[in-house]
Amino acid sequence: SSFTYSTTCELLIEYFTPRLREYIAVERVLDHIHFIEAEQKEQIAQKLRAEGNNLAADLLISAVIKKPHTPGWFRAFVDALRHSGCEYAADYIQVKLPEPEVEAENDYCVRLVEILSPSLVDINTNDVCLLCFSEGLLTQNDSEIITAETNNRGNMNGARELLKRIVRGRPGWFSQFVEILRKTEHQFLYQLTGGSPDSDKQASFFLKVFLFNSNSIVLLCADEKRPSLTDESMEIETAEDPQDESTGFTEHLSNPEAASGGPEKADISLRDYQVDVAKPALEGENIIICLPTGSGKTRVAVYITKKHLDGRRAEGQSGKVVVLVNKVPLVEQHYSTEFLPFLKHAYKVERVSGDCQLKISFTEIVKHNDVIICTAQILENFLERACSGEDEGVKLSDLTLIIIDECHHTQKEGVYNHIMMRYLKQKHKNKRLKKEQKEPVPLPQILGLTASPGVGGATKTEKAVDHILQICANLDASNIMTRRLREHKKEPRKTTVTVEDRKMDPFGDVIKKIMNAIHNHAQLIPTSDLGSQNYEQWVVQTERKAAKEEDQKVRVCAEHLRQYNEGLNLSNTIRMCDAFNFLNKFYMEELKKKTTTDQEQIIKITESERFLFNLFKDNKQELQKLTENPAYENDSLSKLRTKILQEFSTRTEARGIVFIKTRRSAIALSQWVQENTKFADIGVKASHVIGGGDQSVVKPMTSAEQKDVLTKFHNGDINLLIATTVAEEGLDIPACNFVIRYGVATNEIAMIQAEGRGRAEDSSYTVVEVKNSGVAEKEFVNEYRKDMMYKAIDKIRTLKQEDYDKKITEFQYQAIMEEKVRNKKKKQEVIKNESPSKVKFRCRGCATHVCTGDDIQIIEDMHRVNVTAQFSKRFIRRENTSRKEQLLDYEVNGFIACKDCGQKWGSIMSYRGVECPCLDVKNFVVTVSDKTISKFTKWSELPVKFPAFDYAEHARQMVESSDDDETE
10 SSFTYSTTCE
20 LLIEYFTPRL
30 REYIAVERVL
40 DHIHFIEAEQ
50 KEQIAQKLRA
60 EGNNLAADLL
70 ISAVIKKPHT
80 PGWFRAFVDA
90 LRHSGCEYAA
100 DYIQVKLPEP
110 EVEAENDYCV
120 RLVEILSPSL
130 VDINTNDVCL
140 LCFSEGLLTQ
150 NDSEIITAET
160 NNRGNMNGAR
170 ELLKRIVRGR
180 PGWFSQFVEI
190 LRKTEHQFLY
200 QLTGGSPDSD
210 KQASFFLKVF
220 LFNSNSIVLL
230 CADEKRPSLT
240 DESMEIETAE
250 DPQDESTGFT
260 EHLSNPEAAS
270 GGPEKADISL
280 RDYQVDVAKP
290 ALEGENIIIC
300 LPTGSGKTRV
310 AVYITKKHLD
320 GRRAEGQSGK
330 VVVLVNKVPL
340 VEQHYSTEFL
350 PFLKHAYKVE
360 RVSGDCQLKI
370 SFTEIVKHND
380 VIICTAQILE
390 NFLERACSGE
400 DEGVKLSDLT
410 LIIIDECHHT
420 QKEGVYNHIM
430 MRYLKQKHKN
440 KRLKKEQKEP
450 VPLPQILGLT
460 ASPGVGGATK
470 TEKAVDHILQ
480 ICANLDASNI
490 MTRRLREHKK
500 EPRKTTVTVE
510 DRKMDPFGDV
520 IKKIMNAIHN
530 HAQLIPTSDL
540 GSQNYEQWVV
550 QTERKAAKEE
560 DQKVRVCAEH
570 LRQYNEGLNL
580 SNTIRMCDAF
590 NFLNKFYMEE
600 LKKKTTTDQE
610 QIIKITESER
620 FLFNLFKDNK
630 QELQKLTENP
640 AYENDSLSKL
650 RTKILQEFST
660 RTEARGIVFI
670 KTRRSAIALS
680 QWVQENTKFA
690 DIGVKASHVI
700 GGGDQSVVKP
710 MTSAEQKDVL
720 TKFHNGDINL
730 LIATTVAEEG
740 LDIPACNFVI
750 RYGVATNEIA
760 MIQAEGRGRA
770 EDSSYTVVEV
780 KNSGVAEKEF
790 VNEYRKDMMY
800 KAIDKIRTLK
810 QEDYDKKITE
820 FQYQAIMEEK
830 VRNKKKKQEV
840 IKNESPSKVK
850 FRCRGCATHV
860 CTGDDIQIIE
870 DMHRVNVTAQ
880 FSKRFIRREN
890 TSRKEQLLDY
900 EVNGFIACKD
910 CGQKWGSIMS
920 YRGVECPCLD
930 VKNFVVTVSD
940 KTISKFTKWS
950 ELPVKFPAFD
960 YAEHARQMVE
970 SSDDDETE
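Using the numbering used here, the letters of the sequence shown correspond one by one to residues 10 to 977.
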């Protein structure tokens, strides 16, 4: 009977092995299984580290069913599975099987998570992990491991660990997980996973949609109008024409032609100056095209793309062009208005951005299209995957031309520079391969586009030359092709409007009085003037420091000071009533947080919060009364009103942009224009466009909302655009005949781009000063830097090619070396915080385990020694044949080597009468947290904090040991 029962259990386990290997977490089960021998456990653990969970699970299962069995082995295995959180695996071997459709749906859920993992790793891991643990989706052990992984190796690695563990749960885990995504405000991921109460059932449908047809592409873009998976209007489009696939769910411009990529356009015709700048690229060279905003850089890029693809096709080769942009709206813009209309009759064109689910299958998109327009981060992510071997990814050698829009960002730690650093490293590796007469790795041609490379803060032309050459080097450009704006087009008339300080500012005085009262309450001493940018930075730093130190009094006071500072800025920029409404709304919302929705009962108000609420309440009436007196309004707004009225009354058809600093002030200024009857009388129709990022507390605009406003501006339904800096760079804004910078102080690059928005003839460019902005002085400096930039470009273009190439090569080698140093520092920072117990040493000669970091001690902050008894059994000693080296308190008496293979490990040093084996790290293979690190040549490269050598304790042990020997 016992034999029959054991045999049945063995057969059950063998039958369900394919399922068990998926649902068993080997590392956890090993901690709870006690009938397997320690040596066998170590083999399984090694298999886990070397080859992953699935193969280790196979070895574990083999060990479990191996005969002879100990009594109760099957029940012990079931208990081990349950105690380690692998209940679903335990269910299978006890024949507690799910219904077939439930099992199938669960399989779909697991597969869907695998497919969506490139997006899901962007979750806030700590928040999601906490809720998954509280909902029972993760065990305590799971939670601790995920938290440690997140803290030690970053959010994405923690997320991967979480996803790996969560899919092993019982059916129903997916719906809970999707709901947790909603609760943790991952709205895009919630939608991406088909978020609904029936997510488990929808997973199969979603997966089938996604994998519907390898020849068709289904676009499921996540904006607010994306249909749910149960929406009856949802359609799956498949088509022979590759461009018909581009519609899907993506919102296009209201123009019906744009919805299909615009009308098919005839051959591209370029102006003479555009042909001139394109010539080197048409010959296959890497170049930067530097043309002012509005002079057709993108059209030149389309022309070069077409000629590149035509040329390769004529030679019987395929071409692959990737157009990189740094903002999501630019993806759709370049696709719909430039690349698709001119190329769709001959080539497959596709676009991918963070707003669209196509990014999940980016590798396939690259394979099946000729031109791909995407945000740079997506390409970088898939290049990294290919490099790390995580999956197929994308390689630079897969591409034949990369076009980099706004390429002046190719510097420092920007994503463009990460991509180009991969390129430069391979380029210099190719030189070595050629010398060794090996086949070099093919690299794509590079084309950079910019309106202005800037001067990088240079104060002298020589430094500006170096800055621009560095960008050329980063892009491996053989030349920078340019034509100054003034050479083919008149520059806009430029004026600066200065303003007078208010003779009286009682509204601002009341706000400052409140702020000073808060300073006194929290015992804070500000380091700069209230209302200034420096004060803003100080109060943000104060709030962060207080939050870190858990000083709630200072933290809440700093948060309120930040709001008052914003109110002060609003009163200097827009109207006093806008500032008051902003502050009043803030306090209303804060009070609302302190009450329940049902009984309006106070929850909890601290002493400081009560002080702050009463402070605003005591001054509220006075502030509101002051907003009613127009005599106290700022002079900047008056000057801006005059300028806008002048532009619209003196032009037949005025169309302009007002650039402003913050999202909140853009919205308020737009509202001010719309409410002012004088503007309406002369035909001013205003709206605002702000950024789409969520860094600000002000609700961002979606891409669809931005496109809607820009389309209306294009059609003339709006003729005055109030914009933050989002409109300075890249966005396709139609020709304007006036541009106003209202209190916005930026750099020379932004200034040149803003000037370029005034593309129409007889356009004007006006700077209006605002208190504390320093915009007039900054604009003067920017003019100086702009001229310096053009002089620097002229200087570069006069260099002999051999001199230019030499400088570029020097800059490239410098950039590669600097990146190596940065990466080395990053690795050392990670290692620095590791516990010595996580460090393991193996013999470089035979890979035998030698010791762990717990066995290592340091003498005089220099020498790493191992004086443990176990270590002494693992080496042989060799005498030093050369003269003994004596240094201060120690001398070298010989060498130590591996007992098994003879590999030298280090030396024997005599330290104050005690012989200590001293290790040389270059003789070992070092593993830190189960990750093998490339060869260390010196101990400083392994900055783990080993403990100091305890001379007194070691000497005591040696004395006692010798006493024991004498007694014997």
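Think of the CB as a built atom: it goes at the ideal place given N, C-alpha and C, for glycine as much as any other residue.
Review point. Candidates PHE884, VAL923, ASN932 and PHE850: which alpha carbon is nearest ASP939's?
Key: Walking along the sequence shown from the start, residue 939 turns up at place 930. Here the closest residue by C-alpha is PHE850.
Practice item. Go ahead and pull the three-state DSSP assignment for PHE219. Key: Here residue 219 is taken as the residue at index 210 of the sequence shown, counted from 1. Confidence is the limiting factor: at PHE219 the pLDDT is only 46, short of 50, which leaves the residue's position unreliable, though a coordinate-based value still follows. Three-state DSSP puts PHE219 in a helix.
Review point. Within the present structure, is the beta-carbon of PHE371 separated from the nearest heavy atom of the ligand MG by less than 6 Å?
Key: Ligands in the displayed structure: none, and consequently the ligand MG is not present.
Point to revise | Terminal residues of the beta strand (DSSP E) in which TRP914 lies | key: Locating residue 914 in the sequence shown gives position 905, where the first residue counts as 1. Counting along the chain, the beta strand (DSSP E) containing TRP914 begins and ends at 913 to 920.
Review point. Which residues mark the beginning and the end of the alpha helix (DSSP H) in which GLU60 is found?
Key: Here residue 60 corresponds to residue number 51 of the sequence shown, with the count starting at 1. Run containing GLU60: 47 to 60, per the alpha helix (DSSP H) assignment.
Check your understanding: Leaving out the 5 sequence neighbours to the left and right, which residues in its chain are closer than 6 Å to VAL667 when beta-carbon positions are compared?
Key -> Taking the first residue of the sequence shown as 1, we reach residue 667 at position 658. Counting only Cβ-Cβ distances below 6 Å, and skipping sequence neighbours, we find ILE731, ILE749 and TYR751.
Check your understanding: Per DSSP, what kind of secondary structure is MET490 in: helix, strand or coil?
Key -> For this step, residue 490 is matched to residue 481 along the sequence shown. Of the three classes helix, strand and coil, the one that applies to MET490 here is strand, per DSSP.
Practice item. Classify LYS893 as helix, strand or coil using the three-state DSSP reduction. Key: For this step, residue 893 is matched to residue 884 along the sequence shown. In this predicted model, LYS893 has a pLDDT of only 47, less than 50, meaning its place in the structure is not dependable; the value taken from the coordinates is given anyway. Assigned with DSSP and collapsed to three states, LYS893 falls in coil, not helix or strand.
Practice item. Compare the C-alpha of ILE184 against each of GLY145, ASN590 and ARG322 and name the closest. Key: Residue numbering aside, residue 184 sits at position 175 when the sequence shown is read from its first letter. The sequence given here has Ser at residue 184, not Ile. When each option's Cα is compared against that of SER184, the closest is GLY145.
**Study point:** Option nearest SER15 by Cα separation, candidates LEU69, GLU36 and PHE86
**Key:** For the purposes of this step, residue 15 is taken as residue 6 along the sequence shown, with counting starting at 1. Residue PHE86 is the option with its Cα nearest to SER15.
Point to revise | Contact the segment 476 to 493 vs the segment 832 to 841: 3+ CB pairs below 8 Å | key: Under the three-pair Cβ rule at 8 Å, the segment 476 to 493 does not count as touching the segment 832 to 841.
Point to revise | contact_flag[the segment 130 to 150, the segment 101 to 110] where n(CB pairs < 8 Å) is 3 or more | key: Verdict: no, contact absent.
Check your understanding: Based on Cα-Cα distance, which residue from ARG308, ILE523, GLY305 and ILE298 lies nearest to CYS416?
Key -> Within the sequence shown, numbered from 1, the residue matching residue 416 stands at position 407. Checked all of ARG308, ILE523, GLY305 and ILE298; the closest Cα to CYS416 is ILE298.
Review point. SER397 to ILE477, Cα distance in whole Å?
Key: For this step, residue 397 is matched to residue 388 along the sequence shown. For this step, residue 477 is matched to residue 468 along the sequence shown. Computed Cα separation, rounded: 32 Å.
Check your understanding: Candidates LYS329, SER772 and ILE653: which alpha carbon is nearest VAL375's?
Key -> Residue 375 sits at position 366 when you count from the first residue of the sequence shown. For VAL375, the closest of LYS329, SER772 and ILE653 by C-alpha to C-alpha distance is LYS329.
Review point. GLN52 to LEU64, Cα distance in whole Å?
Key: In the sequence shown, counting from the first residue as 1, residue 52 sits at position 43. In the sequence shown, counting from the first residue as 1, residue 64 sits at position 55. Across the structure, GLN52 and LEU64 are spaced so that their CA atoms are roughly 12 Å apart.
Check your understanding: Start and end of the alpha helix (DSSP H) containing VAL748?
Key -> If you number the sequence shown from 1, residue 748 lands on position 739. It is not in any alpha helix (DSSP H) - VAL748 instead sits in the beta strand (DSSP E) that spans 747 to 751.
Review point. Cβ atoms of THR26 and LEU94: under 7 Å apart, would you say?
Key: On the sequence shown, position 85 is the one that residue 94 refers to. On the sequence shown, position 17 is the one that residue 26 refers to. The sequence given here places Gly at residue 94; Leu does not occur at that position. No, Cβ-Cβ distance for GLY94 and THR26 is not below 7 Å.
Exercise for review: Starting from the C-beta of SER881, find all residues in its chain whose C-beta is less than 6 Å away, skip the five residues before and the five after it, and write them out in chain order.
Suggested key: Locating residue 881 in the sequence shown gives position 872, counting from the first residue. Sequence-distant Cβ neighbours of SER881 in its own chain, meaning closer than 6 Å and more than five residues away, do not exist here.
**Study point:** Assigned exposure category for TYR24 - 16 Cβ within 10 Å defines buried
**Key:** Residue mapping note: residue 24 aligns to position 15 of the sequence shown, counting from 1. Per the 10 Å Cβ criterion, exposed.
Exercise for review: Taking only the alpha-carbon atoms, compute the straight-line gap between ASP518 and VAL286 and give it to the nearest angstrom.
Suggested key: Position 509 of the sequence shown holds residue 518. Position 277 of the sequence shown holds residue 286. Across the structure, ASP518 and VAL286 are spaced so that their CA atoms are roughly 56 Å apart.
Point to revise | Cβ-based neighbour list, LEU262, same chain, cut-off 6 Å, excluding 5 preceding and 5 following | key: As a position in the sequence shown, residue 262 is number 253, starting the count at 1. Only weak support is given to the placement of LEU262: the predicted model assigns it a pLDDT of 28, under 50, and the value that follows is read from those uncertain coordinates. Spatial neighbours of LEU262 in its own chain (CB-CB distance under 6 Å, excluding positions within 5 residues in sequence) are listed in chain order as LYS716 and THR720.
Practice item. Rounded to whole angstroms, what's the CA-CA distance from PHE591 to SER126? Just pull it up for me. Key: Reading the sequence shown from its first residue, position 582 is the one you call residue 591. Reading the sequence shown from its first residue, position 117 is the one you call residue 126. Taking the CA atoms as reference points, PHE591 sits about 41 Å from SER126.
Review point. Looking at C-alpha atoms only, which residue of PRO180, GLU618, MET165 and VAL130 is the closest neighbour of LEU198?
Key: Start at 1 with the first residue of the sequence shown, and residue 198 comes out as number 189. For LEU198, the closest C-alpha among the options PRO180, GLU618, MET165 and VAL130 is that of VAL130.
Review point. Given a threshold of 16 other Cβ atoms within 10 Å of its Cβ, counted over all protein chains shown, does ALA460 qualify as buried or as exposed?
Key: Locating residue 460 in the sequence shown gives position 451, where the first residue counts as 1. Counting Cβ neighbours within 10 Å, ALA460 comes out buried, since at least 16 surround it.
**Study point:** Burial state of GLY293, where buried means 16 or more other Cβ atoms lie within 10 Å
**Key:** Here the question's residue 293 lines up with position 284 in the sequence shown. Using a 10 angstroms sphere on the CB of GLY293, the tally of other CB atoms stays under 16, which defines it as exposed.
**Study point:** ILE382 beta carbon less than 7 Å from that of TYR344
**Key:** In the sequence shown, residue 344 corresponds to position 335, counting from 1. In the sequence shown, residue 382 corresponds to position 373, counting from 1. Closer than 7 Å, so yes.
Check your understanding: If we count the other Cβ atoms within 10 Å of its Cβ and call it buried at 16 or more, is ASP864 buried or exposed?
Key -> Indexing the sequence shown from 1 puts residue 864 at position 855. Under the 10 Å beta carbon count, ASP864 is surrounded by 16 or more other beta carbons and is classified as buried.
Check your understanding: Anyone know if the C-beta pair for ILE727 and SER696 falls short of 7 Å?
Key -> Indexing the sequence shown from 1 puts residue 727 at position 718. Indexing the sequence shown from 1 puts residue 696 at position 687. It is a contact, given that the beta carbons lie within the stated cut-off.
Review point. Hey, CYS907 and GLY862: beta-carbon distance below 7 Å or not?
Key: Counting from one through the sequence shown, the residue named residue 907 turns up at place 898. Counting from one through the sequence shown, the residue named residue 862 turns up at place 853. No Cβ-Cβ contact shorter than 7 Å links CYS907 with GLY862.
Check your understanding: Do you know offhand how far ASP587's Cα is from LEU579's?
Key -> By one-based count along the sequence shown, residue 587 stands at place 578. By one-based count along the sequence shown, residue 579 stands at place 570. A direct Cα-to-Cα measurement between ASP587 and LEU579 gives close to 7 Å.
Exercise for review: Would you give the residue range spanned by the alpha helix (DSSP H) that TYR344 belongs to?
Suggested key: If you number the sequence shown from 1, residue 344 lands on position 335. Counting along the chain, TYR344 falls outside any alpha helix (DSSP H), and DSSP gives it neither H nor E.
**Study point:** Every unbroken beta strand (DSSP E) within the segment 367 to 426, with a cutoff of 3 residues, ordered by chain
**Key:** For the segment 367 to 426, the continuous beta strand (DSSP E) assignments of 3+ residues that do not extend past its boundaries occur at 380 to 384 and 410 to 413, in sequence order.
**Study point:** Given 8 Å, three or more beta-carbon pairs between the segment 810 to 830 and the segment 431 to 439
**Key:** A contact exists between the segment 810 to 830 and the segment 431 to 439.
Review point. Which residue comes first and which comes last in the alpha helix (DSSP H) that contains THR156?
Key: Here residue 156 is taken as the residue at index 147 of the sequence shown, counted from 1. 149 to 162 is the extent of the alpha helix (DSSP H) around THR156.
Point to revise | Which of helix, strand or coil DSSP assigns to CYS925 | key: Here residue 925 corresponds to residue number 916 of the sequence shown, with the count starting at 1. Judged by DSSP in its simplified three-state form, CYS925 adopts strand.
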